[in-house]
Every structure is written in C-alpha cells, then in structure tokens.
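K.L.:
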Amino acid sequence: MKSDVTYDLLIIGGGISACVFASKYLKNNITKKIALIEIGRGLGGRSSTRISKRFKGWKLNHGSPNLNITNSNNNPLLKSYIDELIDNKFIKIDDSEIFFLNEDSNLEIIKKSEFSCGVNYISLDSMSELSKKIIDSNNLKEKIDFFFETLIVDMKFNDKEWLLTSKNGDKFKSKYLICSTNLLLHKRSLKILNLNQIPLRKAIPINNDKKIDLLLNFLEAQTFIPRLTFLIHTNENYSYKDYYSKKQRYFILKNNLEKKYRFERIIFQRQDNHKLGIVVHSKNVELINSYISAKDEEVFKQKIITNFNKLFEENSVVHKLTFDEKISIMKWRASQPSGIAVPLSLQFSGKYRIGFCGDWFEGEGFGRIEGSILSALILENKIKDLIK
Ligand SMILES: Cc1cc2nc3c(=O)[nH]c(=O)nc-3n(C[C@H](O)[C@H](O)[C@H](O)COP(=O)(O)OP(=O)(O)OC[C@H]3O[C@@H](n4cnc5c(N)ncnc54)[C@H](O)[C@@H]3O)c2cc1C
C-alpha cells in the first residue's frame, strides 16, 4: 500500500485541467487532503516542455506551445480566470509572428486557424512551468500529495470510497475521484494498458447510473488525432535570416502544403542560451506510419531535414538546416480528441462521487487548452458545495 491515507479527493492526471481544478478546489477547501497521480515525470500533460538530460539547457514545448482563447460566448468564469493568470504574470499576450505558408511558400500573415483564433497567450516561462505555477499559486502545493511516474490501471468503488491501483500495485483510497484524462474511460485503454475491460465500466457496471452510461456511450464514439513532433536542436550559429528577438515564431502550413510536406506547424523557440529550437508538428498518417515502420531512425530524421529544407528553400527568414542537428521524436498516440465531444451535463455523478474534466468536453475549446481550463472551472463550481 502506497499510502494508508483515505484522501478526501484524488485526481488522476497532472495536465493543465487537473492543475486548474486542484488550485481552485483547494482555495475553497483548504482543509481537504488531496492527491494527484500522474504517469509523467512532472505536470503539464499535453501542454508540457521537454527538458532533456541529453540536451542540457534546452527547454522545448513539445505539445501545445501556447494557448488561444476564443470565449466568444463571453463566459465570465473563463474570462476572470484568464485575467487572474495575466494578473499573476503566468501568461501574457502572445504577439509572436504567425506565418501561414501557402503553395508558393510565400508568407502571409493572417491570424486564423484552430490554434490561433481568438486571443493568443504565451506562458512567461515554459508550458510546464505554467501548470506548476497554477498549482503553486496561493502556496497550495504543500497541500497536495503528488505521485508521479504512477500509472493507474484499475479503479473500484465500494459504496463510499474509491480504490485505485497502479501498474506497480500501489493502492490509493479516496472519498471522491476526479478523472482529468479519459484514458480509463475509453476503449483505447484496452490496448494501451493491456486490459480486457474499460476500467470505469468495470468499476460501475452498466445500468447503475444513467449519467455514467451516457458518458461512456459518448466516449465510445470519440476519436483522437495522433501526432508526431520533431524536436530539432539546431547548431550554435543557427539563426534567422532577419532580426527577430521574440521567444516563439509560428509557421502554419495550409492544406495543400501540409499534404505535400506532411508537416502541420513549425514553431521556432528561442532558448535561454539564445540557441534556436525548432518543433515540427505532423498529423500526417503516412508520415506517422513511415516513422513506425522505419528500420533506421537516423535515415528517417535525415528525410525530415530534407523536407524542412525544401519547404523553406526560398523563404526570406528561415535558413536551411545542415543535417548534423540532433532530433528527438515524440509520438502522441492521442494528441487531441476529435469527432464527438462529451456534454458538460455528464461531468459529475453524485451517486458514484466521481467528476471529469479535460479538453474532451463540449464547447468551442474542445480539443484545446481553452476547453480544458473551462471544463475544470465548471466542474469545480458544480461540486464545491457537494463535497463536504
Ligand atoms: C502536439 C500537440 C499540439 C497541440 N497544440 C495545441 C495548441 O496549439 N493549442 C491548444 O490550445 N491546444 C493544443 N493541443 C492540445 C492541448 O495540449 C490539450 O488540449 C491540453 O493540454 C489538454 O490538457 P488536459 O489537462 O485536458 O489533458 P492532459 O494534458 O492530457 O492531462 C491528462 C494527464 O493524465 C495523465 N494520465 C493519463 N492516464 C493516466 C493514468 N491512467 N494514470 C496516471 N496518469 C494518467 C497523462 O499523462 C496526462 O498528463 C496540442 C496537443 C498536442 C499533443
């Protein structure tokens, strides 16, 4: 047994939605004992930063590089929370350049895409730091027990408490449970965790709670966009052709170019040591498959550089790469939910003392940080009076 404590509340996942939920919840319930369990080494989830041991001094945002808030419904909860993040100096307006690359690789500065519509914000530090700062605000960090590198594979509910089991056999007990990830609720868990039943379905059999049945039905139809990200560590002297001093610079490929080069977005990220990191995103299925089947990863990486150089051949601001850059590759099996979103009305079951948040809920922020934050705020608002 990892811990004999029965927590008031356990949170599975340490992405931005979990951090927002935990910080808001604790602010209103300072005496509660809560724990957060995350399989990764730190906070941030899909909006985190690679700080590798191999490449000292490099910090590359390898998932979401920034956040964009549309909030066209003018949701006051979201608005005041974003204002709070700005006032705390956790985020600021992201006025980095965004280039849309069209067929002729000409540059067009138009700010419109799924990831750039609305107001764009950038973390004052890295993306992982943003999640850390959110949880650390109001000195709440000490109030939470963190269990990193811990993968929950089984969940049970026995009338009044939840019992979670990790892959290593550690047990965790709590009165209430929050799932900020839907892995344990979705059929992809069967393959990923090598199980024969979806863990939440096993914990709450069919016909016991209409809300849970509906939630699982919606998720049955939810799909995910896989992505590859290439983290390119450029050489000492690599720079832009022009003078550009801001932290990030984005190049977004329009559909026809995305098909041709198999890249979706390229984000240049200036490092503290003034070197330039380049993160290339791809959701091209052929490229992902050719990575999976590649016999020689080095040859595959060289092809990525060739592609990059072709794309930027006549570009006025980007230099070609030299082929001796170091590249690490991150494979996102489920980078973003897609298709069916889950209704917010299914976020909490009082009978089973379980709540859910994350970017997989309905709303214009579906599949983005905006949706993650808003779902966490709404969940916290719904349950703050219920969990006594
Ligand atoms: C490559 C990429 C680019 C993106 N670009 C953008 C962008 O430009 N703008 C934007 O708004 N959004 C973008 N997104 C989406 C954005 O990153 C997500 O919407 C957001 O980070 C989701 O946060 P979350 O807290 O809901 O979920 P997550 O960050 O996924 O948090 C869930 C956490 O739960 C953990 N976990 C899962 N299962 C278990 C388990 N069984 N036991 C323990 N821990 C578990 C996971 O490790 C994860 O850390 C991008 C995503 C990716 C991957």
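Note that the sequence shown covers residues 17 to 404 in my numbering.
Here a beta-carbon is modelled for each residue, glycine too, at the ideal position from N, C-alpha and C.
This structure is a prediction, so every number in the text was calculated from the model and none was measured.
1. Given this structure, state the Cα-to-Cα distance separating M17 from F324, to the nearest angstrom.
2. Given that a residue counts as buried once 16 or more other Cβ atoms are within 10 Å of its Cβ, and exposed if not, what is Y259?
3. Which residue's Cα is closest to the Cα of I160: D110, N82 and L25?
4. Please report how far the alpha carbon of D288 lies from the alpha carbon of D141, in whole angstroms.
5. Helix, strand or coil for Q352? Go by DSSP, reduced to three states.
6. Rounded to whole angstroms, how far is the Cβ of I321 from the Cβ of L337, which I believe are closer than 8 Å?
7. What would DSSP say about M17, mapped onto helix, strand or coil?
8. Since G374 and S388 are thought to touch, with beta carbons under 8 Å apart, how far apart are those beta carbons, to the nearest angstrom?
9. Please return the same chain residues whose Cβ sits closer than 8 Å to the Cβ of L232, not counting the five positions on each side in sequence.
10. Taking the alpha carbon of S68 as the reference point, which residue from H249, V358 and K257 has its own alpha carbon closest?
11. So S190 and L167 are supposed to be a Cβ contact under 8 Å. How far apart are they, rounded?
12. Hey, F267 and L117 are a contact pair by Cβ (cut 8 Å); roughly how many whole angstroms apart?
13. Considering only the beta carbon of each residue, do I399 and G379 sit closer than 7 Å?
14. Only counting the same chain, and skipping five residues up and downstream in sequence, which positions put a Cβ closer than 8 Å to that of K262?
15. Run through the DSSP bridge pairs and tell me what N84 is partnered with.
16. Drop a sphere of 10 angstroms on the beta-carbon of T47, count the other beta-carbons inside from all chains shown, and report buried for 16 or more, exposed for fewer.
17. Just to confirm the assignment, what range does the alpha helix (DSSP H) spanning V36 have?
18. Are the beta-carbon atoms belonging to S63 and I343 less than 7 Å from one another?
P.N.:
On the basis of the data shown:
1. The predicted position of M17 is uncertain, since its pLDDT is 47 and thus under 50; a value taken from the coordinates is nonetheless stated next. Approximately 50 Å between the Cα atoms of the pair.
2. It counts as exposed.
3. Of the listed residues, the one whose Cα sits closest to I160 is L25.
4. Per the coordinates, the alpha-carbon of D288 lies some 10 Å from the alpha-carbon of D141.
5. Q352 falls in the strand class under three-state DSSP.
6. Yes, I321 and L337 are in contact; Cβ-Cβ is about 5 Å, under 8 Å.
7. For M17, the predicted model reports a pLDDT of 47, less than 50, meaning its position is unreliable; a value from the coordinates is still stated below. M17: coil per DSSP, three-state reduction.
8. Right, the Cβ-Cβ distance comes to about 6 Å (below 8 Å), so this counts as a contact.
9. Apart from sequence neighbours up to five positions away, the residues of its chain that approach L232 with a beta-carbon distance below 8 Å are L201, I214, L216 and R217, ordered along the chain.
10. Per the C-alpha coordinates, the member of H249, V358 and K257 positioned closest to S68 is H249.
11. Not confirmed; about 17 Å, so no contact.
12. Cβ atoms of F267 and L117 come within 8 Å of each other, at about 6 Å.
13. Not closer than 7 Å, so no.
14. These residues qualify, in order along the chain: D111, S112, E113 and R286.
15. According to DSSP, N84 bridges with N136.
16. Here T47 is exposed. Its C-beta has fewer than 16 other C-beta atoms within 10 Å.
17. Unbroken alpha helix (DSSP H) run through V36: I32 to N44.
18. No, the Cβ-Cβ distance between S63 and I343 is not below 7 Å.
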